[in-house]
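Data block below; observations after.
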Amino acid sequence: MSAWAVRHPDAAIPANALWSTPFARWRGALARVSSLDVAVAATRAATSRLPLDEVDGLVLGWTVPQPEIFYGAPTVARRVGLSGVSGPMIGQACATSVACLHAAATSLHAGGGAQLVVTADRVSNGPMLTWGSSGPGGAEREESWVRAAFARDPGTDRGMLATAETVARDAGFRRSDADALAVLRYEQYRASSSYEARRRHTVPVEVIDPDGVPVRLTDDEGVRTRSTEGVAAERSVVRDGVHTAATQTHPADGAAGALVTRTAHARSLASGGPVVTVLASGFARVGSGRMPEALVPAARAALDSVDLRIEDVDAITTHNPFAVNDLYFAREMGVTLESMNRVGSSLVFGHPQGPTGLRSIAELVTVLCLRGGGVGLFSGCAAGDSGAAIVVRVDY
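Residues 1129 to 1524, numbered by the working numbering, are exactly what the sequence shown covers, in order.
This is the structure in structure tokens:
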């Protein structure tokens, strides 16, 4: 196992410059719309009152190729009104959002100006890759970009679900533990759906599909009601396994973004509202086939880098594609399941990969704003038995 973290001395986000779209279900409202179009529409809406002419760079996060993605960063920048701006494109599976914020904050360290972070993915209609033959008479090979990645880690020859079942078995978690966690997370999401503060960071999607038909998405698609009885009735995905369709996330489509700048600039843009200071980012890799465990060392590394303990944290969100992620994190970190993901989580609202973490960070900020500020921690796993975490502080 390895873990490392970076402390960010002067990086902040005005809370009014942190946003996410609702997430569409797989093959739902956004299935035929390029994620770049969704990202542009959402960014324009979210930044309409921000001085984008002060932005020096753009960081674009994505994991599923879209048409014209080769020109992704400069194209998105031009379309949101930043014709002279570009920057890196980053894809680190489910850790993409943290990696993008980390890159933006690091650019500030190096003397750069404000960085616009945009993350987007359309898991629906992922591309089929055709690999040419290696010689005369050789057969071409096809690969589904999305399905193949979920089904097999080339380092272990096992799928992501297998990592969840391995950790659940070795940690002694039962099917009933996972079922109860799924119901809890749904109830937290449902109870928070009317929060005015939660709506502050939600940007409706208004785009035109390839046939010229307007598409509008104002709320999450694909959220399944989870009751104790209904979850118990689900069949395990693998024989005698812990996880069912109710205790793992579903693929989705969406976008999220943030404006990362220096603290003084963030305060001026916040206009008296809350400011999110980005304290540290942490990354980790655990043993082969143990992906759900990676949240813990990533979180510990990020906290350690700013001399904080878990007891100093006022709110926690996680990327939890499997119920065991939260079960393991809570036990190892010494926190209650109820104290985590108070207004939502990817287990419920879905997983477009690139923007998933940034949405959870936006919801983390929501929780901190509701309590009047404080320290927040986000942590999530990613492909290749890795994880990423970020520590923030919200002040008024």
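Glycine included, every Cβ here is placed at the ideal spot set by N, Cα and C.
Provide the residue(s) that pair with P1142 in DSSP beta bridges, ordered along the chain.
According to DSSP, which records beta bridges pairwise, P1142 is partnered with V1403.
Cβ pair count under 8 Å reaching 3, the segment 1222-1230 against the segment 1508-1524:
yes
When E1268, V1213, R1269 are compared against A1108, the one with the closest alpha-carbon:
Given that the chain is displayed from residue 1129 to residue 1524, the structure contains no residue 1108 and the question cannot be resolved.
Please state the DSSP three-state secondary structure of R1302.
Coil at R1302, not helix or strand.
Rounded separation between L1455 and A1296 - CA only:
9 Å
For D1381, does the count of other Cβ atoms within 10 angstroms reach 16, so buried, or fall short, so exposed?
So D1381 counts as buried.
Hey, S1148 and R1250: beta-carbon distance below 8 Å or not?
no
Tell me, which residues are paired with F1457 by DSSP?
Bridge partners of F1457: none, in fact.
So, using beta-carbon positions, are V1403 and V1493 closer together than 8 Å?
no
If you count every other CB in all the chains shown that lies within 10 Å of the CB of D1165, and 16 or more means buried, which is it?
buried
Please report the distance separating the alpha-carbon of F1506 from that of A1361.
Taking the straight line from one Cα to the other gives about 31 Å.
Rounded to a whole number of angstroms, what is the C-alpha to C-alpha distance between E1270 and M1288?
21 Å
Unbroken beta strand (DSSP E) runs of length 3 or more, entirely within the segment 1345-1395: which are they?
1380-1388
Just to confirm my understanding: we take V1539, look at its own chain, exclude 5 residues before and 5 after, and list those with CB closer than 8 Å. What are they?
This structure leaves residue 1539 out entirely; the chain is present only between 1129 and 1524.
What is the DSSP secondary structure of D1281, counted as helix, strand or coil?
strand
Secondary structure at Q1220, three-state DSSP: helix, strand or coil?
In the three-state reduction of the DSSP assignment, Q1220 falls in the strand class.
So, under 8 Å CB-CB, I1218 and V1187 are touching, yes? Tell me the CB distance rounded to an integer number of Å.
6 Å
Entirely within the segment 1435-1521 and at least 3 residues each: give me those beta strand (DSSP E) ranges in chain order.
Contiguous beta strand (DSSP E) elements confined to the segment 1435-1521 occur at 1443-1447, 1502-1510, taking only those with 3 or more residues.
Can you give the Cα-Cα distance for R1302 and V1366, rounded to whole angstroms?
For R1302 and V1366, the distance between alpha carbons rounds to 14 Å.
Counting only the same chain and skipping the five closest in sequence on each side, list residues whose C-beta sits under 6 Å from that of G1504.
A1443, L1492, L1496, V1520
With respect to the beta strand (DSSP E) encompassing S1272, which residues constitute its N-terminal and C-terminal limits?
Its beta strand (DSSP E) spans residues 1269-1272.
Would you identify the three-state DSSP class for A1242, choosing helix, strand or coil?
strand
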